[in-house]
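Mapping of the sequence shown onto the numbering used here: position 135 corresponds to residue 1023, and the numbering continues sequentially without gaps.
No residue lacks a Cβ here, since even glycine has one placed at the ideal position from N, Cα and C.
What you are looking at is a predicted structure, and each value in this text was computed from that prediction instead of being measured.
Inspection log for the structure reproduced underneath, given as structure tokens.
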Amino acid sequence: MDRGNYNAIYEDPNFLELEPSDSENSLNVDEYQKAPSLEFDEQLASAQLQLKELKKQEEEIEKQKTELEHLRQMQNSFNRGKVEMTDNLQHAITLLERERLDAEQRILQYTRAQSIFNRTLEEITSLSPEDSNHSELHTQLEIAGNVIDDAREEYVRTLKHLDSLNSSEELSDNDTSSNLKVGSKSTTTFFYWFRSGFAFSLPLIVFATVAYTVYRFLLN
């Protein structure tokens, strides 16, 4: 190109533009450096936010874990209590049913014994050989003595039967509470002393009856 004919307007349209100054270059460098810094701050803030959310989620998970553990313990406690009380109640119901049947049987036997004793007592109290005349006195006294002997045998036999019931009750009470055992022993003791007292008194009663009869006869 012929530099003599060079026209700057036509050949270089940007010839009027000024070269950037040092201040402009420095500004551009600062803006270029600030861009990554802002991006890093945004990333850091985002990471901190995510960390905060993760921590919150972790706390929520721990809370749920604690609640689940508490529920598990409550469920286990309920299951153990249910099994324990079910066994206890079933066992108690079985024992009470057996005790009820035994009690009904004892009541039946006691009622029967009471009826026998009432009948025997009426027979004894109705005896009055002293009202017989002299010729019949011996016979009436023998009859009265036989009634007394029969009453004694019936009395002893009935008490033995009641004692056998109480002995069976003591054996069955090994699986029940101690207060039932005490009641059974008290009942047995009562029957023992009741029977012993009657056995000790019966000869005296017979002797007194005979003596009174002879006395009345002699008075007549």
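Mapping DSSP to helix, strand and coil, what is leucine 906? Against the sequence shown, residue 906 aligns to sequence position 18. Reliability fails at leucine 906, whose pLDDT of 48 lies under 50, so the model's placement of it is uncertain and the value that follows must be treated cautiously. Three-state DSSP puts leucine 906 in coil, outside helix and strand.
Quick check on serine 1052: does DSSP put it in helix, strand or coil? Along the sequence shown, one-based indexing puts residue 1052 at 164. In the structure shown, serine 1052 sits in a helix (DSSP, three-state: H, G or I).
Does the distance from the CB of threonine 1013 to the CB of glutamate 1042 come in under 8 angstroms? The residue given as residue 1013 occupies position 125 in the sequence shown. The residue given as residue 1042 occupies position 154 in the sequence shown. It is not a contact, given that the beta carbons lie outside the stated cut-off.
Suppose contacts are defined by Cβ-Cβ distances below 8 angstroms. Is alanine 1032 in contact with leucine 1015 by that definition? What you label residue 1032 is simply residue 144 of the sequence shown in a count that begins at 1. What you label residue 1015 is simply residue 127 of the sequence shown in a count that begins at 1. Taking 8 angstroms as the Cβ cut-off, alanine 1032 and leucine 1015 qualify as a contacting pair.
What separation, rounded to the nearest whole angstrom, lies between the Cα atoms of asparagine 1054 and valine 1035? Sequence index remark: in the sequence shown, residue 1054 carries index 166 (1-based). Sequence index remark: in the sequence shown, residue 1035 carries index 147 (1-based). If you take the alpha carbons of asparagine 1054 and valine 1035, they lie about 28 angstroms apart.
Is it right to say glutamate 1030 is buried, meaning 16 or more other beta carbons lie within 10 angstroms of its own, or is it exposed? Residue numbering aside, residue 1030 sits at position 142 when the sequence shown is read from its first letter. Glutamate 1030 is exposed by the Cβ-count criterion.
C-alpha distance - glutamate 1018 paired with glutamate 1010, whole-angstrom precision: One-based indexing of the sequence shown puts residue 1018 at position 130. One-based indexing of the sequence shown puts residue 1010 at position 122. Near 17 angstroms, if we compare the C-alpha coordinates of glutamate 1010 and glutamate 1018.
How big is the Cα-Cα spacing for glutamate 950 and glutamate 985? Position 62 of the sequence shown, counted from the start, is the residue given in the question as residue 950. Position 97 of the sequence shown, counted from the start, is the residue given in the question as residue 985. The alpha-carbon atoms of glutamate 950 and glutamate 985 are separated by roughly 52 angstroms.
Given this structure, state the Cα-to-Cα distance separating valine 1044 from aspartate 1038, to the nearest angstrom. On the sequence shown, position 156 is the one that residue 1044 refers to. On the sequence shown, position 150 is the one that residue 1038 refers to. Going from the Cα of valine 1044 to the Cα of aspartate 1038 covers about 10 angstroms.
DSSP three-state assignment for leucine 1047, whether helix, strand or coil: The sequence position of residue 1047 within the sequence shown is 159, counting from 1. Here leucine 1047 sits in helix by DSSP.
Buried or exposed: leucine 1050, going by 16 or more other Cβ atoms within 10 Å of its Cβ? To locate residue 1050, count along the sequence shown from 1; it is residue 162. By the 10 Å Cβ count, leucine 1050 comes out buried.
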